[in-house]
Amino acid sequence: MAVFTALETYFFNESIMAGRYFMAAFWAVLVLRNLQISYVMGRIVDEIDKHLGPK
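Okay, so the sequence shown: first residue is 3 according to the working numbering, each after it adds one.
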């Protein structure tokens with residue numbers, strides 16, 4: 003997941019620098035989608051940790 007986010011960020015930056023704003027918007031959507039998925043997964047892991055915490 004981190005590798006894909008890094009690649010998408012690279013291509014996003016390349017698109018911005020080259021002036022291809024349509025492609026930059028496409029890569030931005032993919033980057034934001036990955037960040038949202040990471041946030042949700044982090045919340046799920048936090049809830050699991052609460053339930054499996056010290057007994």
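Just so you know, even glycine gets a beta-carbon here, dropped at the ideal spot from N, CA and C.
As the structure is a prediction and not an experimental result, all values here were calculated from the model.
Once you ignore the five residues that flank residue i on each side, which residues in its own chain have a CB closer than 8 Å to its CB?
| i | result |
| --- | --- |
| Q3 | Rather than Gln, the amino acid found at residue 3 in this sequence is Met. Within the same chain, M3 has close Cβ partners N36, I39, S40. |
| R22 | none |
Alpha carbon to alpha carbon, how far is residue i from residue j?
| i | j | result |
| --- | --- | --- |
| M25 | S17 | 6 Å |
| G44 | T11 | 20 Å |
| K52 | V31 | 32 Å |
Please return the same chain residues whose Cβ sits closer than 6 Å to the Cβ of residue i, not counting the five positions on each side in sequence.
| i | result |
| --- | --- |
| F13 | W29 |
| I46 | none |
For my contact list, residue i and residue j are in at a C-beta cut-off of 8 Å; report their separation, rounded to the angstrom.
| i | j | result |
| --- | --- | --- |
| V42 | T7 | The pair is not a contact, with the Cβ atoms about 14 Å apart (cut-off 8 Å). |
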